[in-house]
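Everything on this sheet refers to the single structure shown next.
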Amino acid sequence: MPSAPSRSLETFPNPQPERDYTIRIRVPEFTCLCPKTGQPDFAELTLEYIPETRCVELKALKNYVWSYRDEGAFHEAVTNRILGDLVTATEPRFMRLTAEFNVRGGIYTTVVAEHRAADWQPQPQVQLP
Numbered sequence: 305m306p307s308a309p310s311r312s313l314e315t316f317p318n319p320q321p322e323r324d325y326t327i328r329i330r331v332p333e334f335t336c337l338c339p340k341t342g343q344p345d346f347a348e349l350t351l352e353y354i355p356e357t358r359c360v361e362l363k364a365l366k367n368y369v370w371s372y373r374d375e376g377a378f379h380e381a382v383t384n385r386i387l388g389d390l391v392t393a394t395e396p397r398f399m400r401l402t403a404e405f406n407v408r409g410g411i412y413t414t415v416v417a418e419h420r421a422a423d424w425q426p427q428p429q430v431q432l433p
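305 is the number of the first residue of the sequence shown in this note's numbering; add one for each residue after it.
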């Protein structure tokens with residue numbers, strides 16, 4: 305069955321809920337439309353998160369990202385909306401979405417939005433020699 309754009313974000317159970325671990329997903333072909341001109345905006349999205357009980361299913365994420373292709377959105381708004389939808393779907397311990405938009409009129413825009421669960425504290429970082 306062919307894929308289609310969708311705002312539905314499917315999830316699956318975290319296979320290691322007792323452990324903090326990081327999932328990194330890179331989406332190099334995000335597109336939306338400039339709300340002022342209607343021209344396409346291109347970005348690379350990087351999603352990093354520490355799951356609690358659910359993880360995002362990748363095909364659903366692909367179809368979700370695809371659903372923005374014909375939608376006008378300011379960079380700041382679309383980044384925060386995507387983060388909010390992902391947080392609602394997965395309820396992670398921590399999640400960061402970085403959206404690096406391609407140049408438009410000589411200006412690059414990078415938007416970084418984060419979510420941290422109220423009761424979660426990060427583990428100390430290990431520095432190896």
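By construction, the Cβ of each residue, glycine as well, lies at the ideal position given by its N, Cα and C atoms.
Asked, Found
"Chain-order list of residues whose beta-carbon lies under 6 Å from that of Asp-374 (same chain, five-residue window excluded)", "none"
"Proximity winner among Thr-315, Val-391 and Asn-367, relative to Pro-309 (alpha-carbon distances)", "Asn-367"
"At least three beta-carbon pairs within less than 8 Å, the region 377-390 to the region 315-330", "no"
"C-alpha distance - Leu-390 paired with Phe-378, whole-angstrom precision", "18 Å"
"Status (buried if at least 16 other CB within 10 Å, exposed otherwise) for Ala-393", "buried"
"Whole-number beta carbon distance between Val-360 and Thr-315, since they are thought to touch under 8 Å", "6 Å"
"Beta bridge counterpart(s) of Cys-338 as assigned by DSSP", "Paired residues: none, contrary to the question."
"Per-residue DSSP class, three states only, for Val-430", "coil"
"For Pro-317: DSSP bridge partner residues", "Arg-358"
"Three-way DSSP call (helix, strand, coil) for Ala-364 in this model", "helix"
"Thr-394, enclosing alpha helix (DSSP H) - first and last residue", "379-394"
"Pick from Met-399, Ser-371, Pro-344 and Asn-318 that is closest to Val-407, judged by C-alpha positions", "Pro-344"
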